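S.K.: Right, I'll just put the structure down here and ask away after.
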Amino acid sequence: MQIVFRSPQLNDRDAVQAALTASAAKENDAAFANLWLLREKYGTELAFSEGMLLRRYHRGFRAGCYGFPLGSGDLKTAVAALAQDAASRGIPLQFTLLTKAQCETLQSLFPDAFTFSPAEDYTEYLYLRENLASLRGSKYHGKRNHIAQFWRAFPDAHIQPLIAENAVYAVEIAEKWLAARENPNESSLQFEMSCIRDAAANWNALGLSGLLLYVNEKPVGMTVVSQISPGITDVHFEKVVPDCPHAWPVVANEMAKCLPHTQYLNREEDLGESGMRTSKQSYRPDLLNEKFLAVRTEKEDALC
11 MQIVFRSPQL NDRDAVQAAL TASAAKENDA AFANLWLLRE KYGTELAFSE GMLLRRYHRG
71 FRAGCYGFPL GSGDLKTAVA ALAQDAASRG IPLQFTLLTK AQCETLQSLF PDAFTFSPAE
131 DYTEYLYLRE NLASLRGSKY HGKRNHIAQF WRAFPDAHIQ PLIAENAVYA VEIAEKWLAA
191 RENPNESSLQ FEMSCIRDAA ANWNALGLSG LLLYVNEKPV GMTVVSQISP GITDVHFEKV
251 VPDCPHAWPV VANEMAKCLP HTQYLNREED LGESGMRTSK QSYRPDLLNE KFLAVRTEKE
311 DALC
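Numbering follows this note's numbering, with no gaps: position 270 of the sequence shown is 280.
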């Protein structure tokens, strides 16, 4: 299999979506918007070969690793081809951010060919859309209280679809949120802000959608989402201006209501940050999508 890797292009979206659909992908690192927005951070390169989407990375914690092949092609052939690519580069074959099911598939196809280890802090939080839309039951009591307080304080608040034509408001909300941070110049926060600007500037090409929350006719909250595969939606960004704290669960709840054809919302990982972990756990995840690293063993015939 001849593999030609290159940087992700905006016109790759249809091919990527076809591969994600064929694999029923749930993982946010495979979402097209993330592949494109994070391409410089991770030195991401893509290849399309015999019905498979192949990924390799050159920077960050993913450097020297490959993504799990996705698509309708033959997985065993794709893995063998990636092994050849790694050998030509003089590096071991390593896969990053594999799901538990993907690890089991590799072990089944290539017994004893890989060793596996957990990718700590990269477990994804997935939620049944219906649960976030309805917020039924005692476990969501706190969320319902915040939402009720918001609507009592702002009975004339309303939402609008977030589209390319008003995406500038999402940027403005994010900028106000960032300015209120203790360390607004922190590199990770500045990088996220640059991604939000890039997302707004390339809205339709990235296949993004979302909503804006208005109070007194001013935008105070936003969320940006995209489809990973049918029934799976990734929540890329969610921000609220500093003086509307009760708006956070309102934004999450209203977005869930606007996605009737979605089964799961992937609210991504917490990256080991305690505040993010507390927030994501407070929405009571229905599925924790654990991630793993896989490294090829020294056994020479393991991939034969």
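The beta carbon of each residue, even a glycine, is placed where N, CA and C say it ideally should be.
All values derive from a computational prediction rather than experimental measurement.
Spell out the partners DSSP gives residue 151 in its beta bridges.
M.R.: Partner(s): none; residue 151 has no beta bridge.
S.K.: Just the Cα atoms here: how many angstroms apart are residue 192 and residue 19?
M.R.: Near 35 Å, if we compare the C-alpha coordinates of residue 19 and residue 192.
S.K.: Checking 8 Å against the spacing of the C-beta atoms, do residue 245 and residue 230 come in under that value?
M.R.: Not in contact: residue 245 and residue 230 (Cβ atoms no closer than 8 Å).
S.K.: For residue 289, which of 135, 63 and 104 has the nearest alpha-carbon?
M.R.: The residue with the shortest Cα to Cα distance from residue 289 is 135.
S.K.: Can you pull the DSSP bridge partners for residue 317?
M.R.: Residue coverage of the chain in this structure runs from 11 to 314, which leaves residue 317 outside it and unanswerable.
S.K.: Could you compute how far the alpha carbon of residue 173 sits from the alpha carbon of residue 122?
M.R.: Each residue's alpha carbon lies about 48 Å from the other.
S.K.: When we look at the beta-carbon of residue 252 and count the other beta-carbons within 10 Å, is it buried (16 or more) or exposed?
M.R.: Counting Cβ neighbours within 10 Å, residue 252 comes out exposed, since fewer than 16 surround it.
S.K.: Can you list the alpha helix (DSSP H) stretches of 4 or more residues lying completely in the segment 44-112, in chain order?
M.R.: Taking only runs of at least 4 residues, the alpha helix (DSSP H) segments lying wholly in the segment 44-112 are 49-52 and 85-99.
S.K.: If you check the beta carbons only, do residue 129 and residue 106 fall under 8 Å apart?
M.R.: Contact: yes.
S.K.: Can you look up residue 125 in the DSSP assignment and give me helix, strand or coil?
M.R.: Reduced to three states, the DSSP call for residue 125 is strand.
S.K.: Heavy atom of the ligand ATP less than 7 Å from the Cβ of residue 173, yes or no?
M.R.: The ligand ATP is absent from the structure shown, which contains no ligand whatsoever.
S.K.: Here's the rule I'm using: 16 or more other beta-carbon atoms within 10 Å means buried, otherwise exposed. How should residue 125 be labelled?
M.R.: Exposed, by the Cβ-count rule.
S.K.: Could you compute how far the alpha carbon of residue 292 sits from the alpha carbon of residue 100?
M.R.: In a straight line, the C-alpha of residue 292 is about 45 Å away from that of residue 100.
S.K.: Please state whether the Cβ-Cβ distance between residue 276 and residue 38 is less than 8 Å.
M.R.: A contact, by the Cβ cut-off of 8 Å.
S.K.: Tell me, which residues are paired with residue 168 by DSSP?
M.R.: In the DSSP output, where bridge partners are listed per residue, residue 168 has 224.
S.K.: Measuring alpha carbon to alpha carbon, tell me which residue in 137, 90 and 140 is nearest residue 116.
M.R.: Looking at the Cα atoms, 90 is the closest of the given residues.
S.K.: Counting Cβ pairs, one atom from each stretch, are 3 or more of them under 8 Å apart for the segment 150-158 and the segment 186-203?
M.R.: In short, these stretches do not touch, since the Cβ pair count stays below three.
S.K.: Let me know if residue 196 comes out buried or exposed under the rule of 16 or more other beta-carbons within 10 Å of its beta-carbon.
M.R.: By the 10 Å Cβ count, residue 196 comes out exposed.
S.K.: So which of 209, 248 and 236 has the shortest CA-CA distance to residue 188?
M.R.: The shortest C-alpha separation from residue 188 is found at 248.
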